[in-house]
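In what follows, a single structure is set out as structure tokens and then discussed.
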Amino acid sequence: MSGAAARPPTDRELRLQALKRRFLAEAAAEHAELDALLAAGLAPGSAPARRFRKVVHDLRGSGGSYGYPEISACAERLEELLRDGGELTGQLAALGQAIDRAGERSEPVDRAPPPPAAESRAGRSPGATPGEAGRGPIAAAGGP
Numbered sequence: 034m035s036g037a038a039a040r041p042p043t044d045r046e047l048r049l050q051a052l053k054r055r056f057l058a059e060a061a062a063e064h065a066e067l068d069a070l071l072a073a074g075l076a077p078g079s080a081p082a083r084r085f086r087k088v089v090h091d092l093r094g095s096g097g098s099y100g101y102p103e104i105s106a107c108a109e110r111l112e113e114l115l116r117d118g119g120e121l122t123g124q125l126a127a128l129g130q131a132i133d134r135a136g137e138r139s140e141p142v143d144r145a146p147p148p149p150a151a152e153s154r155a156g157r158s159p160g161a162t163p164g165e166a167g168r169g170p171i172a173a174a175g176g177p
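First residue of the sequence shown: 34, per our numbering; consecutive thereafter.
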């Protein structure tokens, strides 16, 4: 351990964390909806079948966008099974497990990468601006 205190998360990092949490909560609710739709039956062309397809498609696209490729992959497989008339129950369970695992791995932002290091004063003339760093006293004074 370096002994240096971790800097607090930036506003941007906190907003991203909140978005990811909201996505996972919505994904869990959508998974419950998919379970209910499947239990009720997905007759081809029916409103429940169309809704099932839309929710799965949305999870496929947004999972990776939020940094959860396993959710996207499970949803993609569900789309394929739905298209090909395959058995959906097992893959729907796999999607639920992927959502659960993502939620378990999702941790509060307590550490973030350090900000860019301040420009070194090495090689700078006294009074030189940061853009003049390393140019030496003659160049900083307007010489060759």
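Glycine included, C-beta positions come from ideal geometry on N, C-alpha and C.
**Item:** For D68, the nearest candidate out of R86, A131, L125 (CA to CA)
**Value:** L125
### Message
Does the segment 91 to 108 come into contact with the segment 73 to 82, if we say contact requires no fewer than three beta-carbon pairs (one atom in each stretch) closer than 8 Å?
### Response
no
Check: Does the distance from the CB of A111 to the CB of L128 come in under 8 Å?
Finding: At residue 111 the sequence reads Leu, which differs from the Ala that was named. Yes, the pair counts as a contact, with Cβ atoms nearer than the cut-off.
Q) Which residues mark the beginning and the end of the alpha helix (DSSP H) in which P81 is found? A) 80 to 98
Do E103 and A135 count as a contact pair if the criterion is CB distance below 8 Å? yes
For this session: Please list, in chain order, all residues of the same chain as V89 whose beta carbon is under 6 Å from its beta carbon, the five residues on each side excluded.
Result: A108, L111, E112
Practice task
Go ahead and pull the three-state DSSP assignment for P102.
Solution key: helix
Identify whether A72 lies in helix, strand or coil by the three-state DSSP scheme. helix
Next on the checklist: For D91, tell me which candidate among S79, A106, P77 has the shortest Cα-Cα distance.
Outcome noted: A106
For A60, which three-state DSSP category applies? helix
- Message: Rounding to the nearest angstrom, what Cα-Cα distance links P148 and R48 in this structure?
- Response: Because P148 sits at a pLDDT of 47, beneath the cut-off of 50, its placement in the model cannot be relied upon, and the point is left open.
Enumerate in chain order the residues of its own chain whose CB-to-CB distance from E131 is below 7 Å, with the five nearest sequence positions on each side excluded.
Just to set this straight, residue 131 is Ala in the shown sequence, not Glu. Closer than 7 Å at Cβ, skipping near neighbours: E103, I104, C107.
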